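What follows is one structure encoded as structure tokens, with my remarks underneath.
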Amino acid sequence: MLDARLLRQSPDMYRESLVRRSEPQETHDMFERFLVVDVAWREATQQTEVLKARRNAVSQQVAQYKRTGEDASLLIEEMRVVGEQIKELDDHLRSLDDEMTDILLRLPNIVHESVPQGRDESENVPIREIGEPRTFSFEPKPHWDLGVDLGIVDFERAAKVTGSRFVFYMGLGARLERALMNFMLDVQTTERGYTEVWPPYLVNQASMVGTGNLPKFEDDVFKIREFDYYLIPTAEVPVTNLHRDEILSAEQLPVNYAGYSAAFRSEAGASGRDTRGLIRVHQFNKVELVKFVAPETSYDELERILADAEVILQKLELPYRLIEICTGDLGFKECKKYDLEVWLPAAGMYREISSCTNFEDFQARRSNIRFRRTEKARPEFVHTLNGSGLAVGRTVAAILENYQEADGSVSIPSVLQPYMGGLTRIAAPDKR
RNA sequence: GGAGUGAUGGCCGAGUUGGUCGAAGGCGCUCGCCUGCUAAGCGAGUAUACGCUUUAAAGGCGUAUCGAGGGUUCGAAUCCCUCUCACUCCGCCA
0 MLDARLLRQS PDMYRESLVR RSEPQETHDM FERFLVVDVA WREATQQTEV LKARRNAVSQ
60 QVAQYKRTGE DASLLIEEMR VVGEQIKELD DHLRSLDDEM TDILLRLPNI VHESVPQGRD
120 ESENVPIREI GEPRTFSFEP KPHWDLGVDL GIVDFERAAK VTGSRFVFYM GLGARLERAL
180 MNFMLDVQTT ERGYTEVWPP YLVNQASMVG TGNLPKFEDD VFKIREFDYY LIPTAEVPVT
240 NLHRDEILSA EQLPVNYAGY SAAFRSEAGA SGRDTRGLIR VHQFNKVELV KFVAPETSYD
300 ELERILADAE VILQKLELPY RLIEICTGDL GFKECKKYDL EVWLPAAGMY REISSCTNFE
360 DFQARRSNIR FRRTEKARPE FVHTLNGSGL AVGRTVAAIL ENYQEADGSV SIPSVLQPYM
420 GGLTRIAAPD KR
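Take the first sequence: its position 73, counting from 1, is numbered 72 in numbering that gives the first Met the number 0, and each next residue is one higher.
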């Protein structure tokens, strides 16, 4: 959510941000509507507050009269009329307020000035490539073929038991998944200063609004029918909302959490894209890094969280590249974002495996997360950031493809071997 | 799922025959005094949001907030309804 006062003071600045994002006309109209409603709201607010001030004063009078035994019926009669006026104005005010809030919750964040201009994802900016993609002496297989042949993933039975875009990990596949979770968490907690968090997988509506997943993206998440609960699309939601409606102290900052959870995505509108394999499924595990920081540090912290995510890929010796997301591809709640893309040799392309984002105070306003610089200072909103560190399923896919051998077996990255009981290779059952 | 109790400011805790309650008192904290040091003592202060004033900042005026939302009333922390959460007992259960 944006600061209403800022929008009112600098509408042109915001209009420009919308243009940079290539927002549709609809969004522009919504913003202009906001400005109109805001004026009406302030007018109505003043009117009703004047009346309420009068009512409060007269009520004191009435109390005075009652005590001294004087007749207050004239005052009471007058206030009955005022009371009705107040009620009418308040109803009006409430509808204006509802409309304004609804618009504010749907207006996208302000793009940071450093974000490269671009129309859509085709204009994202590659920054650097790290690690040399391996040259294969054979045709590298896609991870879904490798995984199925090795008997470590099972999509068919998952489709039977649940539906499409779900997966069973079996045997060493399940163990690899577990090893990666532990490895990633150990690195972040012991080397990079994060506190481990295991959050609830269901959250209420207020939490979804708090991180900016609602009201705009209702279609992307799973909702529990009987309750006001949603399946989390990422640990970002519960972990960020951990401090909703709280005031942190300056010494606490930055607060660094490494949350791990399953993430549930409806993937509405993605039919036909990445239909095979582990890239786009409805449920996957992820280690999510979340930071609460002082505003003036947030862009330094963005570089830091990026480095924290990169270190995982480096230790796993997976080739990847860093790209900066351009204005036109930036998400609704984002000010600035980097993506890390891992090399998938079968497709011969890089695929997103982590996103690192600065939201500035966008989420903090929605969730009312503040801090005090000193004990007496007035509370200010924190900045929140997050980064995937990493999506585990996609990491499994990357390991299978990059570490595959000509005989269909897959060697295990050396940092992972201690987590796999010393195992160095996953081979097909008949070759073990 | 059933029965009951409760939710007040940073914390504890008064206030339930509706009116002088943004809210007693205590603790904590801040500033000042006092003190050889520490402790104690004395005095003052100590919520947040929004609107207006247009303010560089401060200040001033007003409104709202006693778990959340709605209602009754001239007037609600106090009365009524709904919801949320916590605790106790019963049932069920990994």
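Positions of the beta carbon are idealized from the N, C-alpha and C atoms, including for glycine.
Quantities reported herein were computed from a predicted structural model and do not represent experimental measurements.
Counting along the chain, LEU301 sits inside the alpha helix (DSSP H) bounded by residues 297-314.
In the DSSP annotation of this structure, THR274 is not part of any beta strand (DSSP E), being labelled neither H nor E. Comparing C-alpha distances from SER366 to each of GLN416, GLY386, THR210 shows the shortest one belongs to THR210. In the three-state reduction of the DSSP assignment, THR194 falls in the strand class, which pools E and B. Between the alpha carbons of VAL341 and GLY192 lies a distance of about 24 angstroms. In the DSSP annotation of this structure, the continuous segment of the beta strand (DSSP E) that includes ASP338 starts and ends at 335-343.
Rounded to the nearest angstrom, the gap between the Cα atoms of LYS215 and ARG105 is 6 angstroms. Residue environment: GLN187 is assigned as buried (16 or more neighbouring CB atoms within 10 Å of its CB, all protein chains considered).
Leaving aside the five residues that flank ASP219 on each side, the residues in its chain whose CB is nearer than 7 angstroms to its CB run, in chain order, PRO232, ARG264, SER265, ALA267.
The beta carbon of ILE278 sits closer than 7 angstroms to those of ARG350, ARG393, ALA396, all from its chain and outside the five residues before and after it, given in chain order. Under the three-state reduction of DSSP output, PHE30 falls in the helix class. Here PHE358 carries a coil assignment [DSSP, helix/strand/coil]. Taking the Cα of LEU343 as reference, the smallest distance to any Cα among CYS325, PRO139, ASP299, PRO198 is reached at PRO139. Nearest Cα to THR326 within the set SER410, HIS382, VAL124, ILE398: VAL124. Within its own chain, the residues whose Cβ lies closer than 8 angstroms to the Cβ of ARG54, once the five positions on either side in sequence are excluded, are MET78, VAL81, GLY82, ILE85, listed in chain order. Our two residues, HIS142 and MET29, have alpha carbons roughly 45 angstroms apart in a direct line.
DSSP, read as helix, strand or coil, puts PHE167 in strand.
Sixteen is the threshold: since fewer than 16 other Cβ atoms of the shown chains lie within 10 Å of the Cβ of MET12, the residue is exposed. Of the other Cβ atoms in all chains shown, fewer than 16 fall within 10 Å of the Cβ of ARG118; this residue is therefore exposed.
Here GLY82 carries a helix assignment [DSSP, helix/strand/coil]. With respect to the 8 angstroms criterion, ALA257 and GLU176 are not classified as neighbours on the basis of their beta carbons. GLY162 carries a coil assignment under DSSP once its states are collapsed to helix, strand and coil. ARG369 sits buried, since 16 or more C-beta atoms from the chains shown fall within 10 Å of its C-beta.
When the alpha-carbon of TRP40 is set against those of GLU98, LYS51, THR26, the nearest one is in GLU98.
Pairing LYS222 with SER206, the inter-Cα distance amounts to about 13 angstroms.
Scanning the segment 208-285 for uninterrupted beta strand (DSSP E) segments of 3 residues or longer gives 228-230, 245-248, 254-263, listed from N- to C-terminal end.
Contact between the segment 420-427 and the segment 327-341 is absent: fewer than three C-beta pairs spanning the two stretches fall below 8 angstroms. In summary, GLN116 is exposed, with fewer than 16 beta-carbon neighbours lying within 10 Å of its beta-carbon over all protein chains present.
Per the C-alpha coordinates, the member of TYR229, PRO253, LYS375 positioned closest to PRO199 is TYR229.
Judged by DSSP secondary structure, THR383 falls within the beta strand (DSSP E) whose first and last residues are 382-390.
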